[in-house]
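So in numbering that gives the first Met the number 0, the last one in the sequence shown is 175, and the numbering has no gaps at all. Even glycine gets a Cβ: it sits at the ideal position worked out from N, Cα and C. Beneath this line is the structure, given in structure tokens, with notes to follow.
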Amino acid sequence: MNSSSRDRILNGALELVRSGGTVSLESTARRVGLSKPGVMYHFRTKEALMFALVDRVLDGWDAEMARRLSAPPEQVPAEERVRAYLDWCLSGEVDETDLVMLTDQRLRAKLKKHWVERIAPWVDLPDDLPVEQRTRLLAVRLLADGVWFADAADVFPPDPQERARVRAIADELLAG
């Protein structure tokens, strides 16, 4: 099987998440019209599939945030990375699949750990930042997290006017 089959499997599994279904090797195989062994050719276990789903979602996040930067993430200041994170979280382009790390009770701790490792380069703040600046950047990140979660969970997502007001407050915090 080729990489297009792998992509089809990942896309099908994300559609299961988006529609409120349960992701398993069997349900994913049914969703994409393959046999379970066909899915297992690419993902030997459900855990491997779930980690690949987290990576698929975060690869999209990385690409969206990176295109908002003036240079690679490791070469820009914390403020620019946090602003890119804020921009992505306020974009309104997230959905249920962005909560994929929470969808499997048995794997939740491992998937959250993987999520944290992957997102840390965007939101970790250098230890040598002055306390006031560090606190402002943390507040911006927490504002972004809140909008992201509201959008992804579809629980009280902000309307465009509220989103603009949150953006204005975050911009004030970023400006210092």
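- Burial check for LYS112: the Cβ neighbour count within 10 Å stays below 16, so the residue is exposed.
- Per DSSP, ASP123 is not a residue of any alpha helix (DSSP H), being assigned neither H nor E.
- If you draw a straight line from the Cα of GLU63 to the Cα of TRP87, it is about 7 Å long.
- In this structure, the alpha-carbon of ASN10 lies about 28 Å from that of VAL81.
- Here the alpha carbon of ASP127 sits roughly 16 Å from the alpha carbon of GLN74.
- Residue environment: VAL16 is assigned as buried (16 or more neighbouring CB atoms within 10 Å of its CB, all protein chains considered).
- The way I'd put it, the segment 132–146 doesn't touch the segment 51–70; fewer than three beta-carbon pairs between them come closer than 8 Å.
- Per DSSP, the unbroken alpha helix (DSSP H) holding LEU142 starts and ends at 130–152.
- In this structure ILE168 is exposed. Its beta-carbon is surrounded by fewer than 16 other beta-carbon atoms within 10 angstroms.
- DSSP places GLY19 outside both helix and strand once states are collapsed to three, so it counts as coil.
- Segment contact: the segment 39–52 against the segment 99–110, three or more CB-CB distances shorter than 8 Å; contact assigned.
- Taken through DSSP and simplified to helix, strand or coil, VAL165 comes out as helix.
- Distance from the Cα of LEU101 is smallest, within the candidate group VAL122, GLU46 and ALA143, for GLU46.
- Annotation for MET100: no alpha helix (DSSP H) segment contains it, and DSSP assigns it neither H nor E.
- Distance between TRP121 and PRO129, taken at the CA atoms: about 18 Å.
- The three-state secondary structure of ALA62, taken from DSSP, is helix.
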